[in-house]
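The structure appears below as structure tokens.
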Amino acid sequence: MKRAGSSDGTCDGGVSQSRIGVLDTRWVLVRRYTLVAFKFVLLRHVQDEETENKGLMMKHCMICGRWNEDDDKFCTGCGSSLTQSEVSIPQPSGETNVRVCSSCGAVNELSSRFCTACGKPLDADPGTVTRSSDQDAAQTSVMSAFPMSAVPLPSAPAPIAGGATTSSVPAPASPTQPIQIPVLTPPSPAAPTPVSADPDDPAAMSSTNTEAKNRRFVLIIVAVVVAIALVISGVLVWRSNNSKDSQPQTATVTSSATANSDKKKNAGKKPEKSPAAKASGSASSDTASRVLDKQVMDAIVDTYNSGSGSAAVSVMTSDNLKSYSSDNASYSMSAAGLYLPPWLAYYDVVGGSPAGGYQSVLSSMDNGKANELIDRDGGMDMLNSWLNAHDYDETRFGHLYGDVNASENGYDNTTSSDDAAKMLTQLITKGEDGLLNYNVASDGVVVPDGATVHAHRGMGVGDAYDYYMVVSNGSKKVVVVVLTEGQAKEQAASLTSNVLKQVWQKMFVSGK
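Each residue of the sequence shown is one higher than the last, beginning at 1 in UniProt numbering.
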């Protein structure tokens, strides 16, 4: 007895193992995505800290008053050197008395004796500067940075020729005299690249830092929520798959046990055929009973196909099943005694049955009435067209019934045993096969006991001796056609007797 999950397929162990592998893969993905989320939050936090620290270290230009980045060496506003101007963020106040360095223009406290920027001594008589705004401080810095240049006065004019001189110009008190240059307001610096907050505004910088902290806090919360959601979903998926794994295993084991029990119960029983198989077997058996043994039939017919004589035999059921066709069954032979073509054509050309006025055509093989039927059908050309349209390929009319002279001149009426057999099945369909009244026993043909034979016989034209017969046992009908050429009456009757014997034994007696 094999354990569940063995190689005979009674359990779904392989499927469970594959599902466990899927769960492991899902947990790996959950852990990976959670780590990525936390790394992202940590990176944003570090970047914000660097930005905040960088904003606290800035350089102030003493010339134009612009704040610059910590690593800038020259002012981005006026281009002045920033090496001596590194200070912390100022806290502006109201009006203050200060000392301005005449060397570098730096603003110092009133009590300072040396410049805090360049180290040079300040003037003994400090100038009092009222700094009420950033613009005044900038102007003072510009004036200190660019001292007045001494401009020399022009010398006395050259004496005019002749010793005459123009009005004298008094000599200046000193060789040079400084000229006071009016104080100009320095051009405003170029607008800096727009940033999220003004670096000169401490309140704005504080607001920016607060917003950055708020963003970091929100990102941390989002990351935590995502991680919790991933963990919860993973637990739910694991529980769902675990319950599903247990159910199929139980169902598989139960179904396997049931299948094994059914196999043991049915081991001693013979398999029953399905309705389709029964119908197929019945149809096959029925078809076999309606088909003659070709080897046996060929042996009978070939006996009469020797020397100058020939024979053709066709056997067909009423539903057009070919039970037997000899080698010559599809060849054209003399159609002596075949009155079926004009009779059947009348149904299609004229309409209705010709039995009312032309019944003697079948009952007594009346040549005159048969020729009238041909006229009613439209003549021999129309009759031949009808034969061609209905696939009677070997049947042709070259003369009227009883016209021996036309026949001797080569105008023959021809047919094949297969064509004649198909015409007889059409006559059975119309219910008029009982009009065939020739007694074949009068020619020496042996009719099997219990059989009824309705027949026509043709003879004389082209040494032909032909039989067109419908054999019946009262419930089933079979068509038999025997065509001979160059055979005596006794030979034709003997062949017909042998054929009827095989048909009756195989298709009626054995086929019941």
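The beta-carbon is built from N, C-alpha and C at its ideal position, and this holds for glycine as well.
- In the three-state DSSP reduction, K322 falls in the strand class (E or B).
- The criterion of a C-beta distance shorter than 8 Å is satisfied by G77 and C61.
- In the three-state reduction of the DSSP assignment, S385 falls in the helix class, which pools H, G and I.
- Per DSSP, the continuous beta strand (DSSP E) segment holding D466 begins and ends at 464-472.
- Measuring C-alpha to C-alpha distances from D443 to each of M380, L400, E490, N405 identifies E490 as the nearest.
- For P121, the secondary structure class from DSSP, reduced to helix, strand or coil, is strand.
- In the three-state reduction of the DSSP assignment, E490 falls in the helix class.
- Residue state for S314 is assigned as strand, using DSSP reduced to three classes.
- In the three-state reduction of the DSSP assignment, S289 falls in the helix class.
- Using a Cβ distance threshold of 8 Å, G368 and D466 do not count as a contacting pair.
- In the three-state reduction of the DSSP assignment, V445 falls in the coil class.
- When the Cα atoms are used, I63 and N214 turn out to be separated by approximately 37 Å.
- Residue burial annotation: F114 is exposed, with fewer than 16 other C-beta atoms found within 10 angstroms of its C-beta.
- Per DSSP, the continuous beta strand (DSSP E) segment holding T452 begins and ends at 452-459.
- For L344, the enclosing alpha helix (DSSP H) has its first and last residue at 340-349.
- Distance between S306 and N328, taken at the CA atoms: about 13 Å.
- DSSP places N68 outside any alpha helix (DSSP H); the residue lies instead in the beta strand (DSSP E), whose first and last residues are 67-69.
- Of all alpha-carbon atoms in A335, S233, C104, L344, the one lying nearest the alpha-carbon of E432 is that of L344.
- Within the model, the alpha-carbon separation for V107 versus V218 is close to 45 Å.
- Here I228 is exposed: its Cβ has fewer than 16 other Cβ atoms, across all protein chains shown, within 10 Å.
- The residue from S326, G460, V453, N384 with its alpha-carbon nearest to that of E408 is G460.
- Within its own chain, the residues whose Cβ lies closer than 7 Å to the Cβ of S103, once the five positions on either side in sequence are excluded, are C115, C118, K120, listed in chain order.
- Counting along the chain, E408 sits inside the alpha helix (DSSP H) bounded by residues 404-408.
- Three or more beta-carbon pairs separated by less than 8 Å are not found between the stretch 383-399 and the stretch 309-329, which leaves the two stretches without contact.
- Taking each of H390, S325, F38, K476 in turn and checking the Cα distance to P341, the smallest one comes out for H390.
- Boundaries around K422 are those of the alpha helix (DSSP H), 417-429, since no beta strand (DSSP E) includes it.
- H60 has W67 as its beta-bridge partners, per DSSP.
- In terms of Cα proximity to L436, the closest of A37, S472, R66 is S472.
- The C-alpha of G434 is placed about 14 Å away from the C-alpha of K476.
- Residues R99, L122 of the same chain have their beta carbon placed closer than 7 Å to that of S112, with the five preceding and five following residues left out of the count.
- Excluding the 5 residues flanking it on each side, K73 has same chain C-beta neighbours closer than 8 Å at S81, L82, T83, in chain order.
- In the same chain as V361, and ignoring 5 residues on each side of it, the C-beta atoms closer than 8 Å to its own belong to Y339, P342, W343, P354, K369, A370, L373, in chain order.
- Measuring C-alpha to C-alpha distances from S330 to each of S417, N413, A406 identifies S417 as the nearest.
- E485 carries a strand assignment under DSSP once its states are collapsed to helix, strand and coil.
- In this structure, S332 keeps its C-beta atom at 8 Å or more from the C-beta atom of A464.
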